[in-house]
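Sequences listed follow chains W and P, in order. Start counting the first sequence at 79; every next residue gets the next number (this note's numbering). Start counting the second sequence at 5; every next residue gets the next number (this note's numbering). By construction, the Cβ of each residue, glycine as well, lies at the ideal position given by its N, Cα and C atoms. A short write-up of the structure that comes next.
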Amino acid sequence: MPKERPVVSKIINLAIFILLEIASLLMLSNNSQLQKLWFARISHGFMAKTWGTTQAVSNYFSLKKQNDDLALDNERLREIVRGYELAAIKADSSMRPVLGNDGFRYIPATIIKSGTSSQHNYLILDKGSEDGVVENSGIISSKGVIGIVDAVSKHYSYAISFLNKELNISARLDTSGAVGPLAWDGISTNGAVLKEIPLQFKYSPGDTVYTSGYSAIFPPDIPLGIAGEAKVINGATNEISVKLFQDHSALKYVTIIENTRISEIAEIENREKEVKK
Amino acid sequence: MRKTFAFTYILMVIAQMILSNYFHFTPLAMLTILPALVLCIPTKVDTFWAMVIAFATGLAVDLFAEGTLGINALSLVPVAFLRKTLIGTIFGVEPFEQKENLSIKKYGFARMSFAIIIVTALFLAIYILADCAGTRPLWFLGTKLGLSLLVSYFVSIILVNLLSYDDRR
Numbered sequence: 079m080p081k082e083r084p085v086v087s088k089i090i091n092l093a094i095f096i097l098l099e100i101a102s103l104l105m106l107s108n109n110s111q112l113q114k115l116w117f118a119r120i121s122h123g124f125m126a127k128t129w130g131t132t133q134a135v136s137n138y139f140s141l142k143k144q145n146d147d148l149a150l151d152n153e154r155l156r157e158i159v160r161g162y163e164l165a166a167i168k169a170d171s172s173m174r175p176v177l178g179n180d181g182f183r184y185i186p187a188t189i190i191k192s193g194t195s196s197q198h199n200y201l202i203l204d205k206g207s208e209d210g211v212v213e214n215s216g217i218i219s220s221k222g223v224i225g226i227v228d229a230v231s232k233h234y235s236y237a238i239s240f241l242n243k244e245l246n247i248s249a250r251l252d253t254s255g256a257v258g259p260l261a262w263d264g265i266s267t268n269g270a271v272l273k274e275i276p277l278q279f280k281y282s283p284g285d286t287v288y289t290s291g292y293s294a295i296f297p298p299d300i301p302l303g304i305a306g307e308a309k310v311i312n313g314a315t316n317e318i319s320v321k322l323f324q325d326h327s328a329l330k331y332v333t334i335i336e337n338t339r340i341s342e343i344a345e346i347e348n349r350e351k352e353v354k355k
Numbered sequence: 005m006r007k008t009f010a011f012t013y014i015l016m017v018i019a020q021m022i023l024s025n026y027f028h029f030t031p032l033a034m035l036t037i038l039p040a041l042v043l044c045i046p047t048k049v050d051t052f053w054a055m056v057i058a059f060a061t062g063l064a065v066d067l068f069a070e071g072t073l074g075i076n077a078l079s080l081v082p083v084a085f086l087r088k089t090l091i092g093t094i095f096g097v098e099p100f101e102q103k104e105n106l107s108i109k110k111y112g113f114a115r116m117s118f119a120i121i122i123v124t125a126l127f128l129a130i131y132i133l134a135d136c137a138g139t140r141p142l143w144f145l146g147t148k149l150g151l152s153l154l155v156s157y158f159v160s161i162i163l164v165n166l167l168s169y170d171d172r173r
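This is the structure:
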């Protein structure tokens with residue numbers, strides 16, 4: 079083995095080796111296009127790998143900052159959405175009541191107070207007589223019936239919620255067309271019972287339940303829910319459980335419906351009563 | 005002895021130039037004796053001068069033989085750089101302590117063959133990679149390395165005897 083050489087000598091040898099190799103490489107690349115391209119390719123590949131790795135490491139350590147930035151972005155976007163929601167509510171407030179060709183007038187409203195915990199729940203809406211709301215108007219949402227307006231002040235309406243044991247709505251089974259009163263089951267915020275369905279009407283679970291349109295408060299064919307199990311009451315009628323589309327525990331925006339021809343209907347009914355007397 | 009070695013060395017380099025110019029039987033093989041020449045540089049010559057000699061030798065062959073300028077120098081300098089480490093590993097301390105040249109007679113055919121194969125393989129690996137410049141498939145590189153190593157080894161082992169002429173006398 080060679081004698082122990084000082085470290086300096088080894089370093090000098092290594093430096094000379096590198097120097098000579100670099101000189102050779104330079105000569106090689108300057109005298110041959112093929113080798114020049116090869117060195118360039120190797121160099122670029124090495125650089126790409128080095129920078130790629132560096133970037134990956136850098137990205138890893140900047141993840142926390144990126145997460146914080148994303149959280150800020152999310153919050154900013156939520157603010158924008160809230161702004162749009164408020165603008166939509168304001169726009170709704172200024173909207174004139176819409177009169178449909180079916181004799182019903184539609185007034186958008188917002189629930190400002192509601193309850194679901196008792197057996198006699200009620201609602202307070204932000205629209206009153208000044209907005210054209212009258213007593214006995216229906217209240218619906220995009221998913222079904224919500225209640226009936228019971229009293230009206232200048233700016234607010236008091237309504238009996240569908241989640242009230244005293245409220246019945248005339249409803250119809252889709253396949254058989256059988257009609258009966260639909261009432262809250264008193265248990266859940268999306269459960270109801272369709273009563274007094276004659277036994278002769280064929281029925282199958284999964285049928286859709288609609289408003290019948292017989293009550294003059296609600297227009298016909300508003301989807302209310304899906305029929306479930308039935309049980310025979312007193313051997314004469316079926317009582318069918320219904321799962322409502324609308325969960326009343328999550329409700330904010332509703333539409334008040336006024337039947338503009340309700341007085342005309344009432345007048346005919348009164349006249350008929352007088353004739354019978 | 006030094007003069008004899010230097011003279012033989014120069015003759016061998018000229019022989020390599022001639023071989024490089026005329027030994028073109030197949031693209032799958034090349035013949036080189038330069039690594040064996042560098043290996044046989046006297047042990048008293050340190051690594052620095054061995055690298056300088058190797059660089060000059062490589063350049064001379066590049067200039068006077070067919071080839072790309074720098075390719076022999078590029079491949080031969082690493083052989084000179086690792087020469088002492090390799091000799092120490094294969095032959096032990098004896099060549100350095102007694103300042104002896106490497107020869108088959110002193111160190112045996114097997115060890116000399118092994119040393120020649122190692123330095124020739126190192127040289128050829130660098131040379132072939134740089135020469136093909138990524139344009140050839142791996143099988144081609146492997147075949148060329150194997151065949152060239154075989155041919156170069158046989159020629160080199162004969163020439164090593166010529167370089168250690170003085171010792172034999």
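What residues in the segment 135 to 165 of chain P bring their beta carbon closer than 8 Å to a beta carbon of chain W? ALA137, GLY138 and THR139
Out of ILE45/P, ALA19/P and VAL49/P, state which residue places its alpha-carbon closest to the alpha-carbon of LEU35/P.
ALA19/P
- Using Cβ-Cβ distances below 8 Å, what residues of the segment 104 to 135 of chain P are close to chain W? ALA134
Give me the Cα-Cα distance between TYR162/W and ALA187/W, rounded to the nearest whole angstrom.
17 Å
By the 9 Å beta-carbon criterion, what residues does the segment 34 to 67 of chain P contribute toward chain W?
THR47, ASP50, THR51, PHE52, MET55, VAL56, ALA58, PHE59, GLY62, LEU63 and ASP66
MET105/W: contacting residues in chain P (beta-carbon distance under 9 Å):
LEU63, ASP66, THR72, LEU73, GLY74, ILE75, ALA77 and LEU78
Establish whether the CB of PRO31/P and some CB of chain W are separated by less than 9 Å.
no
| Those residues which DSSP pairs with ASN316/W across a bridge | ILE275/W and VAL310/W
> Looking at the structure shown, is TYR162/W part of a helix, part of a strand, or coil, going by DSSP?
Replying inline: helix
Taking 8 Å as the cut-off, is the CB of ILE91/P close to at least one heavy atom of the ligand SAM? Of ligands this structure carries none, so the ligand SAM is not represented either.
Practice item. In the DSSP assignment, find the unbroken alpha helix (DSSP H) run with THR89/P in it and report its ends. Key: 75 to 95
Can you name the residues that DSSP bridges to ALA187/W? VAL332/W
Within the same chain, show all residues whose beta-carbon is closer than 6 Å to that of ALA69/P, passing over the 5 residues directly before and after it, in chain order. MET21, SER24 and ASN25
Worksheet item: Quick one, are the C-beta atoms of ASN316/W and LEU277/W less than 9 Å apart?
Response: yes
Margin query: Distance check for VAL271/W and ASP252/W, CA to CA, integer angstroms please.
Written below: 15 Å
**Request:** Determine whether the Cβ of VAL17/P lies closer than 9 Å to any Cβ atom of chain W.
**Result:** no
**Prompt:** Going by beta carbon distance, what residues of the same chain come within less than 6 Å of GLY62/P, once the five residues before and after it are set aside?
**Reply:** ASN76, ALA77 and LEU80
Pick from ALA40/P, MET16/P and LYS103/P that is closest to PHE127/P, judged by C-alpha positions: ALA40/P
Answer yes or no: does any C-beta atom of chain W fall closer than 9 Å to that of PHE27/P?
no
Check: Taking the alpha-carbon positions, what's the LEU260/W to GLU342/W distance?
Finding: 25 Å
| query | Looking at chain W, which residues of the segment 81 to 95 of chain P have a Cβ within less than 7 Å of any of its Cβ atoms? | reply | VAL81, PHE85, LYS88 and GLY92
Which one of ASN268/W, GLY258/W and LEU201/W has the shortest CA to CA distance from TYR236/W? LEU201/W
| message | Using C-beta distances below 8 Å, list every residue in its chain close to THR289/W, excluding the 5 sequence neighbours before and after it, in chain order. | response | VAL223, ILE247, SER248, ALA249, ARG250, PHE296, PRO297, PRO298, ASP299, ILE300 and LEU302
*asked:* Can you give me the C-alpha to C-alpha distance between LEU154/P and ALA125/P, rounded to a whole angstrom?
replied: 10 Å
Tell me, please, whether the CB atom of SER136/W is closer than 9 Å to any CB atom in chain P?
-> no
Verify the CB distance criterion: does ALA101/W have a CB-CB separation below 9 Å to chain P?
yes
Within 10 Å of its beta-carbon, does GLU101/P have 16 or more other beta-carbons around it, so buried, or fewer, so exposed?
exposed
Does any residue of chain P have a CB that is nearer than 9 Å to the CB of ILE90/W? yes
Exercise for the section: Enumerate in chain order the residues of its own chain whose CB-to-CB distance from GLU352/W is below 7 Å, with the five nearest sequence positions on each side excluded. Expected result: none
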